[in-house]
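In my numbering, the protein residues as written are 1276 to 1601. The C-beta atom is built at its ideal place from N, Cα and C for all residues, glycine as well. Keep in mind the model is a prediction, meaning the values are calculated, not measured. Here is the structure we will look at.
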Ligand SMILES: Nc1ncnc2c1ncn2[C@@H]1O[C@H](COP(=O)(O)OP(=O)(O)OP(=O)(O)O)[C@@H](O)[C@H]1O
Ligand code: SF4
Ligand SMILES: [Mg+2]
């Protein structure tokens, strides 16, 4: 939607390394990422398991402190002191993927949603704020849900309660890590529609973390494709998903049920952030390199030896690939 104005949230040169286990080097889970999220913009972060999506999301939330690089909200670097982080929670909220896991079975819906208000010493009327948040999350009339317990709700309703708990502080941005992964397909559509409504009604921004490209297509303005700690392709969702340029994005798309043509099966070892290969980090698994296409284009040596620059955090479609670059 936006993307032109100053970003609401931005990551610049963010790296997160975890200490290695015995015999391994440190795990560079996030290895140089620039990412901007604008006001009212929904960005999907996609990539296969272990590529660093959750680590990046937690870093944007201030839950992980980057090893290097900076996260800014409203142009200001995050304050990692306990007060600073508590204040930041009012602006940026997390919605977790498993609604039953994030709700206490002994708390009523009312208490679950009111919790954030109590933590933050909300001064207004709690009852009203809880009712409004539930209504925004599509649980109407809200009073009917106040005294229910999680086990008395459907999976979709539980997810809505989690979303209401995030909305009650009126954040500007929510980070949703696999928000609908555990839901039935029929309920998924509803929850996605809800996130889009919230964007339209409240101007809410969102980072939606998923390994489901179909979900990205349905919900996002912009998509960032992550591989082994880096964003390797990014741009407006229609452009990236209908005309993908990075061989990795193409491979991910080729295995979707609705895709035409034969699926590209990724060969080579599963990615390991404690052993990031030199050159293009995808080269050991790249079908364009393996098939000789990169050789024909005269870039095969660069594929194996020359690292690619970090892509800019916003703007037009970009790709980190020697072969796909103009
Ligand atoms: N606290 C930690 N200590 C050590 N390594 C970690 C830690 N957290 C994550 N990692 C490693 O960092 C890499 C990225 O993990 P992350 O959870 O961010 O991936 P992901 O893209 O969210 O995967 P998934 O789709 O499975 O949720 C993985 O190799 C993981 O093992
Ligand atoms: S740079 Fe080379 S190895 Fe990497 S994705 Fe592009 S073609 Fe494949
Ligand atoms: Mg994850």
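So is the beta-carbon of residue 1365 under 7 angstroms away from any non-hydrogen atom of ligand 1? Counting from one through the chain shown, the residue named residue 1365 turns up at place 90. With a threshold of 7 angstroms, the Cβ atom of residue 1365 does not count as near ligand 1, since no heavy atom of the ligand is closer than that.
In chain order, what residues of the same chain lie with their CB nearer than 8 angstroms to the CB of residue 1380, ignoring the 5 residues before and after it? Numbered from its first residue, the chain shown carries residue 1380 at position 105. Hits under 8 angstroms: 1424, 1425 and 1426.
How is residue 1449 classed by DSSP in three states: helix, strand or coil? Residue mapping note: residue 1449 aligns to position 174 of the chain shown, counting from 1. In the structure shown, residue 1449 sits in a strand (DSSP, three-state: E or B).
For residue 1440, name the three-state secondary structure that DSSP assigns. On the chain shown, position 165 is the one that residue 1440 refers to. If DSSP states are grouped into helix, strand and coil, residue 1440 belongs with the helices.
Is there contact between the region 1287-1303 and the region 1460-1477, where contact requires at least three CB pairs shorter than 8 angstroms? Result no; under three Cβ-Cβ pairs closer than 8 angstroms.
Looking at the strands, I want to know which residues DSSP matches up with residue 1352. Walking along the chain shown from the start, residue 1352 turns up at place 77. In the DSSP output, where bridge partners are listed per residue, residue 1352 has 1347.
What is the rounded straight-line gap between the Cα of residue 1500 and the Cα of residue 1322? Counting from one through the chain shown, the residue named residue 1500 turns up at place 225. Counting from one through the chain shown, the residue named residue 1322 turns up at place 47. Straight-line Cα distance between these residues: approximately 6 angstroms.
Does the structure place the region 1413-1420 close enough to the region 1430-1450 that three or more beta carbon pairs sit under 8 angstroms? The region 1413-1420 and the region 1430-1450 touch, with three or more beta-carbon pairs separated by less than 8 angstroms.
Which residue spans inside the region 1545-1593 form an unbroken alpha helix (DSSP H) run of at least 4? Within the region 1545-1593, the complete alpha helix (DSSP H) runs of at least 4 residues fall at 1562-1565, 1568-1571 and 1575-1580.
Integer Cβ distance of residue 1507 from residue 1495, believed to fall under 8 angstroms: Along the chain shown, read from residue 1 onward, the residue named residue 1507 stands at position 232. Along the chain shown, read from residue 1 onward, the residue named residue 1495 stands at position 220. Contact doesn't hold; Cβ gap of about 17 angstroms is too wide.
Grouping DSSP H, G and I as helix and E and B as strand, with all else coil, what is residue 1307? By 1-based counting over the chain shown, the position of residue 1307 is 32. In the three-state reduction of the DSSP assignment, residue 1307 falls in the strand class, which pools E and B.
The region 1352-1369 touching the region 1445-1452, judged by at least three CB pairs closer than 8 angstroms: Yes: the two stretches touch, three or more of their Cβ pairs being nearer than 8 angstroms.
Going by C-alpha to C-alpha distance, which of 1573, 1540, 1590 and 1580 sits closest to residue 1598? The residue labelled residue 1598 in the question sits at position 323 within the chain shown. Closest in C-alpha terms to residue 1598, from the list 1573, 1540, 1590 and 1580, comes 1573.
Need the endpoints of the alpha helix (DSSP H) that residue 1464 sits in, please. If you number the chain shown from 1, residue 1464 lands on position 189. Where residue 1464 is concerned, the enclosing alpha helix (DSSP H) stretches over 1460-1477.
Are the beta-carbon atoms of residue 1337 and residue 1505 separated by less than 8 angstroms? Residue numbering aside, residue 1337 sits at position 62 when the chain shown is read from its first letter. Residue numbering aside, residue 1505 sits at position 230 when the chain shown is read from its first letter. Annotated as distal: residue 1337 and residue 1505, with beta-carbon spacing of 8 angstroms or more.
Give me the Cβ distance between residue 1520 and residue 1594, rounded to the nearest whole Å; I'm assuming they're in contact under 8 angstroms. Position 245 of the chain shown, counted from the first residue, corresponds to residue 1520. Position 319 of the chain shown, counted from the first residue, corresponds to residue 1594. Sure, about 4 angstroms apart at Cβ, within 8 angstroms.
Please classify residue 1420: does DSSP put it in a helix, a strand, or coil? Along the chain shown, one-based indexing puts residue 1420 at 145. When DSSP states are grouped into helix, strand and coil, residue 1420 belongs to the helix group.
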